[in-house]
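Numbering (the working numbering), first residue to last: 262 to 728.
The beta-carbon is built from N, C-alpha and C at its ideal position, and this holds for glycine as well.
Structure first, then comments.
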């Protein structure tokens, strides 16, 4: 039975609907963040210390490439599904889901082939030193070898949520993440497998999550996959990829920023008292902590995504505006509270990953206080990009995703260290947030005027030849 069978997405109270959809979504994203952070917590307390954490931080951007491709397909299919439901055209959804899954699988195989061929150059490109390279290789081979598993699993998550089963999507992720957390200390400390143990714990958890996600497909409410669903349908595939483009760019921007960050941290850190490995390890940890903060706010907005897409497709624009305002208020309140923690008590968080030398702690404190100074603004920018994407507004979603990270942050990371040393990398983040905020206000103000009054759905169901 569908979790949302008794819910009316276009008439029930938006707060009630958001609560039903957002809580499982937040939990899913928090748990996903645990995949990224659990390994570093346990490795940080092992004999590998910050060098082990540097190795996982180096591999992280490569895994994010796979995650970007998966969300490109999954978020695109989810937005397509919600919009089709709002237009009362559910008969088209199965082709969108099939196109997303096939593209994600093919992309994962290509990722494995390319990255294994270029393994060492890639690891060095992402900041591996001669000291951390052997550990990075060990972690990389296992994690990337299972890329098809975690990519198809990550594609299915948004699709299941958009199908009206947010609790099932949460359970899929939660089971694998909890298994990962249980296996990490067993493999790292008991079997003494080191970073390889952390990697095996992660991929085993992801494999279990994938099996659970696949088991949902025969029970789906709004689509049923059959062999002809996977027949190439260019209009549907193009639409799905266009709707998911913002997610692709947002995730790839994380890869580019991590690459540029690690380059500048390694180069200018070597010229400072901190050396090259400490800055790379610290910023890698801070980025993982930052991903937890983002997971809450993005989880709320992605929980709202089926509601936004459905109501926009149905012409219920006032409900769309109300949903955005609620999510923005939650995002701002929560991120301001966590910013206070970063500013006042950074040591509490730093010590979770193991305490190192005083130089390590000094750089870590500065990183939390400067790099995450305007994290509340970052959260607003991210949820607004998802808001546009949920409504099929790929152009403003893409522009907003580009403005903060690639257009602003990357140049600042390359320029500021020449004047401020390695600390310049940290100041690039709040400055990029200010630029991104200006772009967000302009785009949102312009689009808001188009939502002045509700309108009945005007787009009839299309019937492309291949359907």
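When you compare the region 462 to 475 with the region 486 to 501, are there three or more beta-carbon pairs, one atom per stretch, that lie closer than 8 angstroms? no
When you compare the region 623 to 638 with the region 599 to 611, are there three or more beta-carbon pairs, one atom per stretch, that lie closer than 8 angstroms? Three or more pairs of CB atoms, one per stretch, sit closer than 8 angstroms, so the region 623 to 638 contacts the region 599 to 611.
Residue 531 in three-state terms, based on DSSP: Translated into positions along the chain shown, residue 531 becomes position 270. In the structure shown, residue 531 sits in coil (DSSP, three-state: anything other than H, G, I, E or B).
Going straight from the alpha carbon of residue 649 to that of residue 373, what length do you get? One-based indexing of the chain shown puts residue 649 at position 388. One-based indexing of the chain shown puts residue 373 at position 112. Approximately 32 angstroms between the Cα atoms of the pair.
Three-state secondary structure assigned by DSSP to residue 345: Position 84 of the chain shown, counting from 1, holds the residue named residue 345. It is helical.
Could you check which residue in 385, 710, 660 has the C-alpha nearest to that of residue 318? One-based indexing of the chain shown puts residue 318 at position 57. Ranking the options by Cα distance to residue 318, first place goes to 385.
Nonlocal neighbours in the same chain, by C-beta distance under 8 angstroms from residue 487, ignoring five residues either side: The residue you call residue 487 lines up with position 226 of the chain shown. 355.
Assuming contact is defined by CB atoms lying nearer than 8 angstroms, are residue 336 and residue 419 in contact in what I supplied? By 1-based counting over the chain shown, the position of residue 336 is 75. By 1-based counting over the chain shown, the position of residue 419 is 158. Contact: yes.
Would you kindly check if the distance between the Cβ of residue 457 and the Cβ of residue 393 is under 8 angstroms? By 1-based counting over the chain shown, the position of residue 393 is 132. By 1-based counting over the chain shown, the position of residue 457 is 196. With contacts defined as CB atoms closer than 8 angstroms, residue 393 and residue 457 fail to qualify as a contacting pair.
Cβ-based neighbour list, residue 376, same chain, cut-off 7 angstroms, excluding 5 preceding and 5 following: Indexing the chain shown from 1 puts residue 376 at position 115. For residue 376, where only same-chain residues beyond five positions count, the Cβ hits under 7 angstroms are 323, 383, 405.
Going by C-alpha to C-alpha distance, which of 278, 281, 286, 688 sits closest to residue 556? In the chain shown, counting from the first residue as 1, residue 556 sits at position 295. Out of 278, 281, 286, 688, 286 has the C-alpha closest to the C-alpha of residue 556.
How about residue 423 and residue 514: are their beta carbons less than 8 angstroms apart? Counting from one through the chain shown, the residue named residue 423 turns up at place 162. Counting from one through the chain shown, the residue named residue 514 turns up at place 253. Against a cut-off of 8 angstroms, the Cβ pair of residue 514 and residue 423 comes out as no contact.
Quick check on the burial criterion: 16 or more other C-beta atoms within 10 angstroms. Buried or exposed for residue 399? By 1-based counting over the chain shown, the position of residue 399 is 138. Answer is buried; the Cβ neighbour count reaches 16.
Could you give the C-beta distance for residue 490 and residue 359, rounded to a whole number, given that I count them as a contact under 8 angstroms? Position 229 of the chain shown, counting from 1, holds the residue named residue 490. Position 98 of the chain shown, counting from 1, holds the residue named residue 359. Indeed, because the Cβ distance is near 4 angstroms, the residues count as touching under 8 angstroms.
Relative to the C-alpha of residue 712, which residue among 577, 410, 282 is closest? Taking the chain shown and counting its residues from 1, one reaches residue 712 at position 451. Measuring from the Cα of residue 712, the nearest candidate turns out to be 577.
Assign residue 333 to buried or exposed, taking buried as 16 or more other Cβ atoms, counted over all protein chains shown, within 10 Å of its Cβ. Locating residue 333 in the chain shown gives position 72, counting from the first residue. It is buried - the Cβ of residue 333 has at least 16 other Cβ atoms within 10 Å.
Three or more C-beta pairs under 8 angstroms: does that hold for the region 278 to 285 against the region 558 to 565? yes
Is the region 517 to 530 touching the region 664 to 673, taking contact as three or more C-beta pairs under 8 angstroms? With the cut-off at 8 angstroms, the region 517 to 530 and the region 664 to 673 touch.
Taking the alpha-carbon of residue 363 as reference, which of 441, 466, 637, 502 has the nearest alpha-carbon? Taking the chain shown and counting its residues from 1, the one referred to as residue 363 is at position 102. The shortest C-alpha separation from residue 363 is found at 502.
Going by beta-carbon coordinates alone, are residue 597 and residue 642 separated by less than 8 angstroms? As a first step, residue 597 must be located in the chain shown, where it is residue number 336. As a first step, residue 642 must be located in the chain shown, where it is residue number 381. No. Outside cutoff.
Give me the residue from 653, 683, 529, 673 with the minimum Cα distance to residue 695. Sequence index remark: in the chain shown, residue 695 carries index 434 (1-based). Comparing Cα-Cα distances from residue 695 to each of 653, 683, 529, 673, the minimum goes to 673.
For residue 407, three-class secondary structure by DSSP: Within the chain shown, residue 407 is the residue found at index 146, counting from 1. Looking at residue 407 - three-state DSSP - the assignment turns out to be coil, as it is neither helix nor strand.
Could you have a look at residue 708 and say whether DSSP puts it in helix, strand or coil? Numbered from 1 along the chain shown, position 447 holds the residue referred to as residue 708. Note: residue 708 maps to helix in three-state DSSP.
Candidates 521, 479, 327: which alpha carbon is nearest residue 368's? For this step, residue 368 is matched to residue 107 along the chain shown. Of 521, 479, 327, the residue nearest in Cα terms is 327.
From the DSSP output, in three-state form, read off residue 682 for me. Locating residue 682 in the chain shown gives position 421, counting from the first residue. Coil, per DSSP.
I believe residue 541 touches residue 526 by the beta-carbon criterion, under 8 angstroms. Please report the beta-carbon distance rounded to the nearest angstrom. Position 280 of the chain shown, counted from the first residue, corresponds to residue 541. Position 265 of the chain shown, counted from the first residue, corresponds to residue 526. Residue 541 to residue 526, Cβ: 5 angstroms. Contact.
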